[in-house]
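Visitor: Under the numbering used here, think of the first position of the sequence shown as -17, with each following residue one higher.
Every residue gets a Cβ at the ideal spot worked out from N, C-alpha and C, and that includes glycine.
Quick one: structure below, then a few questions.
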Amino acid sequence: MMIPMPGLAEQEFEKYREAGRIAKSVKEEAQKLVSSGRSVLETAIKIEEIIRSLGGEPAFPVNISIGSVAAHYTPTYSDKSLFPEKGLVKIDFGVHIDGYIVDTAFTIDLGGDYRVIMDAAKEALEKALSRISPGVSFRDVGRIVEETAKRYSLKPVRNLSGHRIDRYKIHAGESIPNYSEALIPWRFREGGVYAIEPFITSGAGLVSEGRLVTIYSVKKTKVKSSEEEARVLREAIARFKGLPFCSRWLADLGGDIDAMLENLRSKGALHPYPVLVEVSGAQVAQFEETVAIYEGSVYILTR
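Right, dumping it as structure tokens:
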């Protein structure tokens, strides 16, 4: 049985649509920014600047994940890395208008050696999107993604998934698998907003958490901390309203922001998003769009 979900009010739907229009324009510009030898940091900053210049706000720090890194990497100000000559580059970003979020991603194949992985992820997304309608099971989408990957002799990343979106919540508690999962009970519902994001790899099809963390969200509003750390926490609460953030976005406060965020994490004030890496070290491709089901129709908001 489907759990009832309140329908989207017209004003809410229009805010999602406006965020989607901004994301579409940003994506077109961002694809031009990825090239071998270009600064990863400068690219992230530029994409976030474009979002703001068009009237949106980043829903989370731009993720720039290269090669076997699948997700959750955003550069700090100390990052000196450049895009490589060869490899799959995933650009994953979100836009929000007053907390109404869209989430989208694309992959660039630098050097052209991994096109088959990129093509499989793109095809999986297109087929998944075409299946969505009210009442369709999430596991149907997972089955489509897995079957597409297998036709290319590849694998979906089983422990990464799409997700329902709510206001100020990127992951609103319902996961859309990238493989056929019989235990998933959820279905697409009227009034729902969903991010569909196949991850495809030539490797084992699993990711693990690395040690590096560059993205956080607020977990507790008060912990024992220094005066400087307390100020950083207050600013994170006020500025981001529960959405993920990074040290770059708090650099105007001065001091060693990276160190203070790590201290706040160790005290339980912040939730970390560790970098996720394919366990066999294989390349990973990702494509993602956000859809809304409004008055019985499916809208792909981010294209």
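#1: Between the region 73 to 85 and the region 129 to 149, can you find at least three pairs of beta-carbon atoms closer than 8 Å?
#2: Provide the residue span of the beta strand (DSSP E) that contains residue 92, from first to last.
#3: Between 55, 86, 73 and 20, which has its C-alpha nearest residue -2's C-alpha?
#4: Would you kindly work out how many angstroms separate the C-alpha atoms of residue 103 and residue 74, rounded to a whole number?
#5: Do you know offhand how far residue 278's Cα is from residue 268's?
#6: Name the DSSP beta bridge partners of residue 137, please?
#7: For residue -14, does the three-state DSSP call read helix, strand or coil?
#8: Report yes or no: do three or more beta-carbon pairs, one from the region 13 to 23 and one from the region 58 to 65, lie closer than 8 Å?
#9: Check for me: the alpha helix (DSSP H) holding residue 245 runs from which residue to which?
#10: Just tell me which of -8, 46, 50 and 67 has its CA closest to the CA of residue 19.
#11: What's the C-alpha gap between residue 172 and residue 111?
#12: Are residue 215 and residue 207 closer than 8 Å when you measure CB to CB?
#13: Which two residues bound the contiguous beta strand (DSSP E) that contains residue 194?
#14: Give the DSSP bridge partners of residue 169, in chain order.
#15: Contact between the region 37 to 49 and the region 106 to 126 is defined here as three or more beta-carbon pairs at a separation below 8 Å; is this criterion met?
#16: What beta strand (DSSP E) runs, 3 residues minimum, are completely inside the region 205 to 232?
#17: Whole angstroms is fine: what's the gap from residue 165's alpha carbon to residue 210's?
Guide: Let's see:
#1: yes
#2: 82 to 92
#3: 86
#4: 14 Å
#5: 28 Å
#6: 183
#7: With a pLDDT of only 49 at residue -14, under 50, the local geometry of the prediction cannot be trusted, and the value read off the model is given with reservation. In this structure, residue -14 counts as coil in the three-state DSSP scheme.
#8: yes
#9: 239 to 248
#10: 67
#11: 16 Å
#12: yes
#13: 189 to 200
#14: 119
#15: no
#16: none
#17: 46 Å
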